[in-house]
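For the sequence shown, our numbering begins at 23 and goes up steadily by one. Idealized CB from N, CA, C, for every residue including glycine. These numbers come from a predicted model, not from an experiment.
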Amino acid sequence: MKDMKIYLSSLAGVVGSLRGFLLRAVELGFNNVEILDEWGHRLNDRRRRELLELKRSYSLDYVIHAPYDGINVSTPQRSLRKAALKLIEASMRNAHYLDARLIVLHSGFKSPLDFIKPKTTWDIFLNVLREINKLANDLDVYVGVENMPSGGHALIESCDEALMLIEEVHALERIGLTLDVGHSNTVDIHEARNYLLRASDRLFHLHIHDNDGKRDEHLAVGSGTINWASIIPLIKRLKLVGGLSIEVMNFKDARKSLNVVARMLR
Numbered sequence: 023m024k025d026m027k028i029y030l031s032s033l034a035g036v037v038g039s040l041r042g043f044l045l046r047a048v049e050l051g052f053n054n055v056e057i058l059d060e061w062g063h064r065l066n067d068r069r070r071r072e073l074l075e076l077k078r079s080y081s082l083d084y085v086i087h088a089p090y091d092g093i094n095v096s097t098p099q100r101s102l103r104k105a106a107l108k109l110i111e112a113s114m115r116n117a118h119y120l121d122a123r124l125i126v127l128h129s130g131f132k133s134p135l136d137f138i139k140p141k142t143t144w145d146i147f148l149n150v151l152r153e154i155n156k157l158a159n160d161l162d163v164y165v166g167v168e169n170m171p172s173g174g175h176a177l178i179e180s181c182d183e184a185l186m187l188i189e190e191v192h193a194l195e196r197i198g199l200t201l202d203v204g205h206s207n208t209v210d211i212h213e214a215r216n217y218l219l220r221a222s223d224r225l226f227h228l229h230i231h232d233n234d235g236k237r238d239e240h241l242a243v244g245s246g247t248i249n250w251a252s253i254i255p256l257i258k259r260l261k262l263v264g265g266l267s268i269e270v271m272n273f274k275d276a277r278k279s280l281n282v283v284a285r286m287l288r
């Protein structure tokens, strides 16, 4: 699909400088970058100015990935949730500043309290998304809730869980899904196809990488067990707010994945 934008996640260069990552991404042939607003790439005034300068110099488009290390937006602990939301709201404002149309948000996680009072974290997550939707409207950005790998106690892992979320938030126009194809493969080898067939109308963005079906390895596309031939035709039909992001661990796998993905999308 000619209009499908391909991004490179800054995960591939997160141990180095953000500026260095951007310049290397451009060298590799990427015109679009997903910024992981986390760790050494956490956006501050200096980094935002650098990103704006590089955007203008190289005609780059950005997607912003909200912080996630130690963050649980569905925690029943009010003070922790408030701190998490403060970071996410700052990330949304960063997206607006950089003219990024989409911000990626990890789903919330379950709590032991759910065993005593079922759906506690689910209801909290829905309320949080309602708050986030209001700010997203004000900032003119979209939010893609990302599905998590199997077995991590996340609220959104399977396609069925994602569909439940869509049903609950259908009126929140700024809230959709970021389908992480690699994560879905740890749930079931057919799960990515399920998402693409059943949830396509609320897919805003894709994360693509590969794995062995058991571990969240973030391998180069084509290096694992994902049946790309069965899902690429479905991906080509999508109209995505944030395109698709290659989310691998190093530049070697980024180059390999870009070549494979560009060939598959022709």
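- Following the DSSP letters along the chain, one finds Tyr84 inside the beta strand (DSSP E) bounded by residues 83 to 87.
- Taking the CA atoms as reference points, Thr247 sits about 8 angstroms from Asn207.
- Here Thr247 carries a coil assignment [DSSP, helix/strand/coil].
- Per DSSP, Gly198 is one residue of the beta strand (DSSP E) stretching across 197 to 202.
- Inter-residue distance for Gly204 and Ile230 is about 6 angstroms (C-alpha atoms, whole angstroms).
- For Asp232, the three-state secondary structure derived from DSSP is strand.
- Counting only the Cα atoms, Leu102 lies some 16 angstroms from Ala112.
- Shown here, Tyr90 sits in coil according to DSSP, grouped into three states, outside any helix or strand.
- Taking a C-beta distance under 7 angstroms as the contact criterion, Leu120 and Leu73 qualify as a contact pair.
- Following the DSSP letters along the chain, one finds His118 inside the alpha helix (DSSP H) bounded by residues 100 to 119.
- In this structure Phe137 is exposed. Its beta-carbon is surrounded by fewer than 16 other beta-carbon atoms within 10 angstroms.
- According to the DSSP assignment, Ile178 belongs to no alpha helix (DSSP H), since it is labelled neither H nor E.
- Out of Asp83, Asp67, Asp59, the CA that lies nearest to the CA of Val48 is found in Asp83.
- About 23 angstroms separates the Cβ atoms of Ile86 and Ile146, ruling out a contact at the 8 angstroms cut-off.
- Straight across, the Cα-Cα distance linking Ile28 with Gly265 is about 6 angstroms.
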